[in-house]
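Asks: Residue numbers for the sequence shown follow the UniProt record's numbering, beginning at 1 and rising by one. Note that CB positions come from ideal geometry on N, CA and C, so glycine has one too. These numbers come from a predicted model, not from an experiment. Following this message is one structure expressed as structure tokens.
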Amino acid sequence: SPNDTYPFLSRFVTKSGSSQADYWVRDLELMHHWTVKTYYSLASKEEVRNFWCVEAPKQAVHHPHLLHEILAISALHKAYLEPAERSTFYALGIHHQDLAIKEMRKALPKLTPQSSGAMLATSALISLTSLATTGLMAHDGSTRPRPSADDLVDVFALQQGMYSILHQNHSHVLDGPFAILVRHHTHPSTIGPEDPEQPILSAIAAQMPSVVAAIEKQQMVPTVRVEVLAAIASLTSCLEFANIPGASTRELRFIFLWPNRLSSVYCTMLRRKEPAALVVLCYYVVAFYASESVYWFCEGWADRVVRNIADTIGHDPIWRPMIQWPWDTVIGPEQGHTQGTGNHIPQHTASHSDHTA
């Protein structure tokens, strides 16, 4: 509604799941799953994993929004791992995500430097559950539409909204129990050995000069050109930051950093299906493809968004060739390669089977 102070949260409230009774036995099951499996899936550094396993539940006792978000992502992880009970745990995940958002709405107006660390942890987890809930819809066999570029822009809005509230308190977080969440992203070399460089991030960066050259050749509204080139510049700088020495979870670092650098004008262009803006997004989601073998909540996003963008662009002779590299990387050149025509990507991509298992 127009009077909603936190509209970026509303998209991720699912009323149907909120009426479910709060079964404490199920909640204990979810907390057990968190401490034996889910926490381990969220990071590659032992120190960060230890924070999620030990310190986060300890602090969540005092912050209901964090407690419910821990239970939400644990339930969604079980839904991912146990297909036979997917609907049950998916409903539990949605239920706890709704409760987490309800508690966030109560806590945000009273946010203090002391409570900002817990809110930062909750916002980090809700970014993951926003990917997981939408992604798991693709597994349920229902008639609901598959996650698309619009769904990804909804996730961007969530991240941007939380970032705008929390970034000013990062210095306070450094003095408390949640310090590792800030230090991990701003001073990566201080935390243990680095992860190896991620070649796909370098490969995306290597494509950017040709994308810029192609964009600059096209006739378009000056505002569109400026916004798209700015989005490419920020994408390139985020790729460089993700590959700095000492970094870990490089793909996630990039995936969650770039949206916070985007302008509202560019995000509006994505919603309006501006082809030049969609081209840049197509390269961005290749990072999801590189992440999905490690991070379960990223699975399938690249495949679905690339197909969605290809369907939106159609056989346009200007824009179609610009997304050939993301298509070949994510979907594979053997799907839809038509020799000699220049139209390598099949027009009705939705008819192809999903890339995800």
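In terms of residues, what are the limits of the alpha helix (DSSP H) holding I255?
Replies: Element bounds for I255: R250 to L257.
Asks: Report, in whole angstroms, the separation of the C-beta atoms of E274 and V224, which I expect to be a contact under 8 Å.
Replies: Yes, they are in contact, since the Cβ atoms of E274 and V224 sit about 6 Å apart, within 8 Å.
Asks: Where does T112 sit, in a helix, a strand or coil, going by DSSP?
Replies: In this structure, T112 counts as coil in the three-state DSSP scheme.
Asks: How would you call H332, buried or exposed, if buried means at least 16 neighbouring beta carbons within 10 angstroms?
Replies: According to the sequence as given, residue 332 is Gly; it is not His. G332 comes out exposed.
Asks: Apart from the five residues on each side of it in sequence, which residues of its chain come closer than 8 Å, Cβ to Cβ, to H187?
Replies: Unreliable placement is indicated for H187, whose pLDDT of 49 sits below 50; no coordinate value is reported for it.
Asks: What's the call for T143, buried or exposed, on a 16-neighbour Cβ count within 10 Å?
Replies: With a pLDDT of 47 at T143, under the threshold of 50, the predicted position of this residue should be treated as unreliable, though the coordinate-derived value follows. Answer is exposed; the Cβ neighbour count stays below 16.
Asks: Just how far apart, CA to CA, sit I323 and L281?
Replies: In a straight line, the C-alpha of I323 is about 10 Å away from that of L281.
Asks: Of the residues R250, I313, A302 and E47, which one's Cα is nearest the Cα of D328?
Replies: The option with the nearest alpha carbon to D328 is A302.
Asks: Checking 7 Å against the spacing of the C-beta atoms, do S74 and T38 come in under that value?
Replies: A contact, by the Cβ cut-off of 7 Å.
Asks: Just how far apart, CA to CA, sit R261 and T35?
Replies: Looking at the two C-alpha atoms, the distance is approximately 33 Å.
Asks: Excluding the 5 residues flanking residue 358 on each side, which residues of the same chain have their C-beta closer than 6 Å to its C-beta?
Replies: Beyond the ends of the chain as shown, which are 1 and 357, falls residue 358; an answer cannot be given.
Asks: Evaluate the contact criterion for the stretch 41 to 54 versus the stretch 94 to 108: three or more CB pairs, one atom per stretch, below 8 Å.
Replies: No, the stretch 41 to 54 does not touch the stretch 94 to 108.
Asks: Rounded to a whole number of angstroms, what is the C-alpha to C-alpha distance between M269 and H32?
Replies: Roughly 43 Å between the two C-alpha positions.
Asks: Could I get the ranges of all uninterrupted alpha helix (DSSP H) runs contained in the stretch 152 to 179, with 4 residues as the minimum, in chain order?
Replies: Taking only runs of at least 4 residues, the alpha helix (DSSP H) segments lying wholly in the stretch 152 to 179 are 170 to 173.
Asks: Could you check which residue in E251, S148, D316 and P222 has the C-alpha nearest to that of Y295?
Replies: Considering only alpha carbons, the answer is E251.
Asks: Can you look up D316 in the DSSP assignment and give me helix, strand or coil?
Replies: If DSSP states are grouped into helix, strand and coil, D316 belongs with coil.
Asks: State the Cα-Cα distance for the pair P346 and A233, rounded to the nearest angstrom.
Replies: Unreliable placement is indicated for P346, whose pLDDT of 46 sits below 50; the coordinate value is still reported in the next sentence. P346 and A233: Cα-Cα distance of roughly 30 Å.
Asks: Fully enclosed by the stretch 61 to 113, which beta strand (DSSP E) runs are 3 residues long or longer?
Replies: Listed in chain order, nothing qualifies, since the stretch 61 to 113 has no complete beta strand (DSSP E) run of 3 or more residues.
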